[in-house]
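S.K.: Listed in order, the protein sequences are those of chains C and Y. Quick note, in our numbering, the first sequence goes up one by one and the last residue is 255. Quick note, in our numbering, the second sequence goes up one by one and the last residue is 1260. So that we are looking at the same thing, I have put the structure below in structure tokens.
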Amino acid sequence: MKVIKEKHPLVMRWTHWVNFPILTIMIWSGMLIYWANDVYSVTLFGHTFVRFFPDWFYKLLHIPYRLAEGMAYHFLFMWFFTLNGFFYILYTILSGEWRDLVPQRKSFKEAWLVLLHDLHIRKTTPPQNKYNAAQRIAYTAIIVMGFGSLVTGLAIYKPVQFYWLTWICGGYHFARIVHFALTLGYVLFFIIHVVQVTIAGWNNFRSVISGFEVLEKPSPVVVEMAVEETNSTIDQDHIADQKMDDQIHPAKNIQ
Amino acid sequence: MSIKKKEKKLLTVEQRIKRRNFISFATFFALGGAVLGGWKWLYNSLDETTGITAGTRKPLRRALNKTELFFRNFFSNNHLVRTYPKSMATKKVRVNAHIGIENEGFKPESWQLVVVKGTGDILNLTIEEIKSLPKTEIVYDFKCVEGWDQIQHWAGVKFVDFVSHFNLEQQAKMQYVGMETPNGKYYIGLDMESALHPQTLLAYEMNDQPLALEHGAPLRLIVPVKYGIKNLKRIGTITFSNQRPRDYWAERGYDYYSGL
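Spelled out as structure tokens, the structure:
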């Protein structure tokens, strides 16, 4: 028998999906800006491993000579990025959702188990509540990163009026590097996120749109048998619950 | 209990799943479509009509102007650009453009600064008259809109000193200052508060030497609270007005304010 289990509140779903196009536009317009002074690369011992970005990449995405346009988009959508982010944080605080999201003391150890499990190195399933330990860390880190983008962004946008922010961010140069690195972080997060969501499957994905998951409950026949055996309604509920839990937990998936 | 509620109760789990799936996915795709439509509207929206500003889409220009109003609230003469010791100033000061300072027969010896005080009221100043005012030096991080920056050393007259010495207080009550090169090919507009900021200079020296032509000799603007695009080289005329004066890069899609 199927059971509906509420998972993601509307505000969580809303802010999640609103953030997706906004962040896409911010990254794209950010690249239009970055192109005008594209000085970053990964160089170790005189050997350049990656140059941000190769010419074919710029050409492919039609990035060159669009600095003014990039700035205009960036400084419009920064408002939506910020508002959506604050709305999300405010909601998680007021609703108590933060309890499921913020890493706990044990999360860092458990996250390691999640990683080993996901890489098929370890067979035992790590504890999974609404979010597992790795998710807690990832989903909190991404919010901290978002806040970091806002702060470093302001530090390079108004380095005179917000000189103290620029100072906190380690200066104009460092703030720009962090602002850039955080963006690479989003792209990395996005890739892992999509892979994990794909592996977790339809039920999990749907819950981020519809808000609920569908769980399989033990069939009523089993429950009736339990009644006959124990002859107690309280016990019946108890056993049924336990059976449901047994079936639910292993089925609960990552993401 | 209403009939509707009774009906709802009669739905099986399977039906409720179907119904909620349908509603949420329909909403998701409808909103997704609306977002895509909104983006297409913005991306394909017409450029603003060419005026003091030009070259960007109408809604984006409106957003730039609104954003300027918000961030101007944070402007203060007490917010100073960070300064550095002279030893940190670069010796190879970057020349990013020659617009407006093409050589075409410009004679620095016969140059005079034209200050338009009002209609028919013009002040002509030689470089000696300007140099006779108190000299102010600054070593700061010059920032280009492209993203690069350089610690540079400039010296000249504070614009606010210039205003009081030549009795331009009345003009300085207006909202904007306009500056143009002698040939009129490069021009900028500055909000008055940025012009009167204590670190804004009319500079005639760089690294303790008289300005080279490529750096804007005989007199150039150094306005540390703005991106480099506003730091006009080779000032020919200075005007005052309550409307935005024309601005070279604002006509090419950049933010008019461009403040730091």
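Here a beta-carbon is modelled for each residue, glycine too, at the ideal position from N, C-alpha and C.
1. In the DSSP assignment, the alpha helix (DSSP H) including Y:Asp1161 goes from what residue to what residue?
2. Would you call the stretch 112 to 123 of chain C and the stretch 50 to 67 of chain C touching, i.e. three or more CB-CB distances under 8 Å?
3. Tell me which residues share the same chain as C:Val50 and place their Cβ nearer than 8 Å to its Cβ, disregarding the 5 neighbours each side in the sequence.
4. Any contact between the stretch 1233 to 1251 of chain Y and the stretch 1172 to 1191 of chain Y? By contact I mean 3 or more CB pairs, one from each, below 8 Å.
5. Would you kindly work out how many angstroms separate the C-alpha atoms of Y:Leu1069 and Y:Ile1052, rounded to a whole number?
6. May I ask you to verify whether the stretch 1139 to 1151 of chain Y touches the stretch 1086 to 1093 of chain Y, counting CB pairs closer than 8 Å and requiring at least 3?
7. Please tell me whether Y:Asp1255 has its Cβ less than 8 Å away from any Cβ of chain C.
8. Whole angstroms is fine: what's the gap from Y:Ser1194's alpha carbon to C:Trp56's?
9. For the alpha helix (DSSP H) that contains C:Thr22, what are its first and last residues?
10. Given a threshold of 16 other Cβ atoms within 10 Å of its Cβ, counted over all protein chains shown, does Y:Gln1199 qualify as buried or as exposed?
11. What does DSSP give as the partner residues of Y:Thr1038 in its beta bridges?
12. Can you grab the Cα-Cα spacing for the pair C:Met78 / C:Ser210, in whole Å?
13. Nearest chain Y C-beta to C:Val214 closer than 8 Å, yes or no?
14. As a quick exercise: from C:Thr183, C:Tyr91 and C:Gly148, pick the residue whose alpha carbon is nearest that of C:Thr166.
15. Please report the straight-line C-alpha distance between Y:Arg1246 and Y:Ile1188, rounded to a whole angstrom.
16. In chain order, which alpha helix (DSSP H) runs of at least 4 residues are fully inside the stretch 1091 to 1159 of chain Y?
17. Between C:Asn19 and chain Y, is any beta-carbon pair separated by less than 8 Å?
18. Hey, how far is the Cα of C:Pro159 from the Cα of Y:Asn1078?
19. Counting only C-beta atoms, is Y:Ile1188 closer than 8 Å to chain C at any point?
20. Would you list the one or two residues that DSSP bridges to C:Gln128?
21. Would Y:Lys1066 be called buried (16 or more neighbouring beta carbons within 10 Å of its own) or exposed?
22. Does chain Y have any CB closer than 8 Å to the CB of C:Ser73?
23. With distances taken between CB atoms, is the gap from C:Glu213 to C:Lys2 smaller than 8 Å?
24. Apart from the five residues just before and just after C:Val178, which ones in its own chain have a Cβ nearer than 6 Å to its Cβ?
25. For C:Val114, tell me which candidate among C:Ala133, C:Ala141, C:Glu97 and C:Ser29 has the shortest Cα-Cα distance.
26. Using the beta-carbon count (16 or more within 10 Å), is Y:Tyr1248 buried or exposed?
27. Find the nearest neighbour of C:Ile143 within the set C:Ser107, C:Leu10, C:Gly185 and C:Lys7, judged by alpha-carbon distance.
28. Determine, using beta carbons only, whether C:Gly211 comes closer than 8 Å to chain Y.
29. Just to check my reading of the structure: Y:Arg1082 and Y:Tyr1140 have Cβ atoms closer than 8 Å, yes? What is that Cβ distance to the nearest angstrom?
30. Under the assumption that Y:Leu1202 contacts Y:Val1157 (Cβ atoms under 8 Å), give the Cβ distance between them as a whole number of angstroms.
31. How close, in whole Å, do the beta carbons of Y:Leu1064 and C:Phe75 come, if the pair is a contact with beta carbons under 8 Å?
32. Just to confirm my understanding: we take C:Asn19, look at its own chain, exclude 5 residues before and 5 after, and list those with CB closer than 7 Å. What are they?
33. Need the endpoints of the beta strand (DSSP E) that C:Tyr88 sits in, please.
34. State the DSSP-derived secondary structure class of Y:Pro1198, mapped to helix, strand or coil.
35. What distance in whole Å lies between the Cβ atoms of Y:Gly1055 and Y:Glu1251, which are believed to be in contact at a cut-off of 8 Å?
36. Any beta carbon from chain Y within less than 8 Å of C:Ala68's own beta carbon?
M.R.: Reading it off the structure:
1. By one-based count along the second sequence, residue 1161 of chain Y stands at place 161. Residues Phe1159 to His1165.
2. no
3. For the purposes of this step, residue 50 of chain C is taken as the residue at position 50 of the first sequence. Taken in chain order, the residues that qualify are Ser41 and Val42.
4. yes
5. Locating residue 1069 of chain Y in the second sequence gives position 69, counting from the first residue. Locating residue 1052 of chain Y in the second sequence gives position 52, counting from the first residue. The alpha-carbon atoms of Y:Leu1069 and Y:Ile1052 are separated by roughly 17 Å.
6. yes
7. Working through the second sequence from its first residue, we reach residue 1255 of chain Y at position 255. Chain C places a beta carbon closer than 8 Å to that of Y:Asp1255, counting this residue as a contact.
8. Against the second sequence, residue 1194 of chain Y aligns to sequence position 194. Against the first sequence, residue 56 of chain C aligns to sequence position 56. Approximately 41 Å between the Cα atoms of the pair.
9. Here residue 22 of chain C corresponds to residue number 22 of the first sequence, with the count starting at 1. Inspection of the sequence shows that residue 22 of chain C is occupied by Ile rather than by Thr. Per DSSP, C:Ile22 belongs to the alpha helix (DSSP H) from Leu10 to Tyr34.
10. Walking along the second sequence from the start, residue 1199 of chain Y turns up at place 199. Per the 10 Å Cβ criterion, buried.
11. On the second sequence, position 38 is the one that residue 1038 of chain Y refers to. Correcting the residue type first, residue 1038 of chain Y is Gly in the shown sequence and not Thr. Answer by DSSP bridge pairing: none, since Y:Gly1038 is not bridged.
12. As a position in the first sequence, residue 78 of chain C is number 78, starting the count at 1. As a position in the first sequence, residue 210 of chain C is number 210, starting the count at 1. So the alpha carbons of these two residues sit roughly 28 Å apart.
13. Numbered from 1 along the first sequence, position 214 holds the residue referred to as residue 214 of chain C. Answer yes: the Cβ-Cβ gap between C:Val214 and chain Y drops below 8 Å somewhere.
14. Within the first sequence, the letter at position 166 stands for residue 166 of chain C. Looking only at C:Thr183, C:Tyr91 and C:Gly148, the smallest Cα-Cα distance to C:Thr166 is reached by C:Gly148.
15. The residue given as residue 1246 of chain Y occupies position 246 in the second sequence. The residue given as residue 1188 of chain Y occupies position 188 in the second sequence. If I take the Cα positions, the gap works out to 6 Å.
16. 1127 to 1131
17. Within the first sequence, the letter at position 19 stands for residue 19 of chain C. Chain Y, which has no Cβ nearer than 8 Å to the Cβ of C:Asn19, makes this no.
18. To locate residue 159 of chain C, count along the first sequence from 1; it is residue 159. To locate residue 1078 of chain Y, count along the second sequence from 1; it is residue 78. The straight-line gap from Cα to Cα measures roughly 14 Å.
19. The residue given as residue 1188 of chain Y occupies position 188 in the second sequence. By this cut-off, Y:Ile1188 is not an interface position.
20. Mapped onto the first sequence, residue 128 of chain C falls at position 128. In the DSSP output, where bridge partners are listed per residue, C:Gln128 has C:Asn132.
21. Position 66 of the second sequence, counted from the start, is the residue given in the question as residue 1066 of chain Y. Y:Lys1066 is exposed by the Cβ-count criterion.
22. As a position in the first sequence, residue 73 of chain C is number 73, starting the count at 1. The amino acid occupying residue 73 of chain C in the given sequence is Tyr; Ser does not appear at that position. Judged by the 8 Å Cβ criterion, C:Tyr73 is in contact with chain Y.
23. On the first sequence, residue 213 of chain C is found 213 positions in, with the first residue counted as 1. On the first sequence, residue 2 of chain C is found 2 positions in, with the first residue counted as 1. Taking 8 Å as the Cβ cut-off, C:Glu213 and C:Lys2 do not qualify as a contacting pair.
24. Here the question's residue 178 of chain C lines up with position 178 in the first sequence. Excluding sequence neighbours, C:Val178 sits near Thr152.
25. Translated into the one-based positions of the first sequence, residue 114 of chain C becomes position 114. Looking at the Cα atoms, C:Ala133 is the closest of the given residues.
26. Within the second sequence, the letter at position 248 stands for residue 1248 of chain Y. That one is buried.
27. Position 143 of the first sequence holds residue 143 of chain C. Answer by Cα proximity: C:Gly185.
28. Here residue 211 of chain C refers to the residue found at position 211 of the first sequence. Cβ-Cβ to chain Y under 8 Å: yes for C:Gly211.
29. Position 82 of the second sequence, counted from the first residue, corresponds to residue 1082 of chain Y. Position 140 of the second sequence, counted from the first residue, corresponds to residue 1140 of chain Y. Yes, Y:Arg1082 and Y:Tyr1140 are in contact; Cβ-Cβ is about 7 Å, under 8 Å.
30. Residue 1202 of chain Y sits at position 202 when you count from the first residue of the second sequence. Residue 1157 of chain Y sits at position 157 when you count from the first residue of the second sequence. Right, the Cβ-Cβ distance comes to about 5 Å (below 8 Å), so this counts as a contact.
31. As a position in the second sequence, residue 1064 of chain Y is number 64, starting the count at 1. As a position in the first sequence, residue 75 of chain C is number 75, starting the count at 1. The C-beta separation of Y:Leu1064 from C:Phe75 comes to about 7 Å, placing the pair in contact by the 8 Å criterion.
32. As a position in the first sequence, residue 19 of chain C is number 19, starting the count at 1. Around C:Asn19: Asn84.
33. Along the first sequence, one-based indexing puts residue 88 of chain C at 88. Per DSSP, C:Tyr88 belongs to no beta strand (DSSP E); it is in the alpha helix (DSSP H), Leu67 to Ser95.
34. Residue 1198 of chain Y sits at position 198 when you count from the first residue of the second sequence. DSSP places Y:Pro1198 in coil when its eight states are reduced to three.
35. Looking up residue 1251 of chain Y in the second sequence gives position 251. Looking up residue 1055 of chain Y in the second sequence gives position 55. A Cβ-Cβ distance of about 6 Å is found for the pair Y:Glu1251 and Y:Gly1055, placing them in contact under the 8 Å criterion.
36. As a working mapping, residue 68 of chain C is identified with position 68 in the first sequence. Yes, C:Ala68 counts as interfacial toward chain Y.
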